[in-house]
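Peer 1: Residue numbering for the sequence shown is 3 to 263, as defined by our numbering.
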Amino acid sequence: MKAAGKSYRDRLFRTAVRIGGSTYSREPFAKQVAELRESGFDYAELDLTWLTLEPAALQDQAEDLAEKLPLETAHLPPSHFHQADLAKFVGFIDALAPIGTRIFNAHFMEARSAPRTSPEAKTSWLADLVKAATDRGVIVAVENVDEPPDVLRKVLDMVPDLRYCLDVGHAHLDARTDGARTYLAALADRLGLAHLHDNHGGHGEAGDEHLPFGHGTIDLARDVTALKARGYGGPATLEIFKGTADDRRACLRKMRRWTRE
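1. What ranges does the beta strand (DSSP E) occupy inside the segment 164 to 241, keeping only unbroken runs of at least 3 residues that lie completely in it?
2. Could you have a look at threonine 136 and say whether DSSP puts it in helix, strand or coil?
3. To the nearest angstrom, how far is it from the Cα of glycine 218 to the Cα of aspartate 200?
4. Are at least three pairs of beta-carbons, each pair with one atom in the segment 139 to 159 and one in the segment 186 to 200, less than 8 Å apart?
5. Using 8 Å as the Cβ pair cut-off and three pairs as the minimum, do the segment 227 to 238 and the segment 155 to 163 touch?
6. Can you tell me where the beta strand (DSSP E) with leucine 48 in it begins and where it stops?
7. Let me know the secondary structure DSSP gives phenylalanine 110 once reduced to three states.
8. Here's the rule: buried if 16 or more other CB atoms are within 10 angstroms of the residue's CB, otherwise exposed. What is threonine 51?
9. Are serine 264 and leucine 254 closer than 8 Å when you measure CB to CB?
10. State the CB to CB distance for the pair isoleucine 21 and alanine 190, rounded to an integer number of angstroms; the pair is presumed to be in contact (CB under 8 Å).
11. Counting contacts by CB-CB distance shorter than 8 Å, is glycine 42 in contact with chain D?
12. Note down, one range per segment and in chain order, each alpha helix (DSSP H) of at least 4 residues found wholly within the segment 15 to 90.
13. Excluding the 5 residues flanking glutamate 65 on each side, which residues of the same chain have their C-beta closer than 7 Å to its C-beta?
14. Measure the C-alpha to C-alpha separation of leucine 88 and arginine 114 and round it to an integer number of angstroms.
15. Given arginine 262, which residues of its chain have a CB within under 6 Å of its CB, disregarding the five upstream and five downstream residues?
16. Rounding to the nearest angstrom, what Cα-Cα distance links proline 117 and methionine 111 in this structure?
17. Could you give the C-beta distance for isoleucine 220 and valine 170, rounded to a whole number, given that I count them as a contact under 8 Å?
18. Within 10 Å of its beta-carbon, does glutamine 85 have 16 or more other beta-carbons around it, so buried, or fewer, so exposed?
19. Who does alanine 247 pair with in a DSSP beta bridge?
20. Just reading off the beta strand (DSSP E) that valine 153 is part of, what are its end residues?
21. Looking at the unbroken beta strand (DSSP E) that takes in glutamate 263, where does it start and where does it end?
22. Is it buried or exposed for glycine 206, if we count other Cβ within 10 angstroms and need 16 for buried?
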């Protein structure tokens, strides 16, 4: 399975960027996926944060959705980093891998309701999740939330099959104007997914606005150019939760133009 994972990673740097759109698990998936398809997105990223379905029911629903639009990526919930969450997340992988989901995105930051967990314990837990994913021929990526690049570098070095998700919006929180390029400089060799959205550089959850492009202060064209300069051709999810369907379509058009220039 490791060889398959590596060959998939190699393809990330040889193919055209595929642009997906996020879903939100507190709203009906069918309507969201239909809108993404009609708007011209290449795939949907399935949000699993608030999902209560059992794996078999999730797989049935995902099979129907995937007939409309590929579900190439999925966003795992924030974790408590205990065995129950490990089993739950592996259940998500077992449900979605057979219908074509290839990348499962995770946070290194704990769920808000979870006790603080040491970086070493979280890294060990992620290693177990990555092993389960690798055994099933799929990839786990860890995204930056508020961790500096050196923290994620240590995690990636400890878990060789773990990939990195560059979250451009998170990289620019706390008024960091050069955030995305700083993360790329340190972590691009493990890049497997990108999340793109705008904000005003605020702090924490309140600052994480997930705005359409141009509604905040991030120079997204510059950051996409930096991604291209690294040779990246993997999936890029527009993780936009504010605005209208027309706003999301406008973001998709911009992203198409930036990735082709």
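All C-beta atoms in this analysis are idealised placements derived from N, C-alpha and C, irrespective of residue type, glycine included. As the structure is a prediction and not an experimental result, all values here were calculated from the model.
Peer 2: On the basis of the data shown:
1. 165 to 169, 193 to 198, 237 to 240
2. In the structure shown, threonine 136 sits in a helix (DSSP, three-state: H, G or I).
3. 5 Å
4. Contact between the segment 139 to 159 and the segment 186 to 200 is present, because at least three Cβ pairs lie under 8 Å.
5. no
6. For leucine 48, the enclosing beta strand (DSSP E) has its first and last residue at 45 to 49.
7. Phenylalanine 110: coil per DSSP, three-state reduction.
8. exposed
9. As displayed, the chain neither begins before 3 nor continues past 263, which places residue 264 out of reach and without an answer.
10. Not confirmed; about 19 Å, so no contact.
11. Absent here is chain D; the protein component of the structure consists of one chain.
12. If only complete runs of 4 or more residues are kept, the segment 15 to 90 shows the alpha helix (DSSP H) at 31 to 41, 57 to 68, in order along the chain.
13. Ile101
14. 17 Å
15. none
16. 11 Å
17. 7 Å
18. exposed
19. By DSSP's assignment, alanine 247 forms no beta bridge with any residue.
20. Counting along the chain, valine 153 falls outside any beta strand (DSSP E), though it belongs to the alpha helix (DSSP H) covering 151 to 160.
21. It is not in any beta strand (DSSP E) - glutamate 263 carries neither H nor E in the DSSP assignment.
22. exposed
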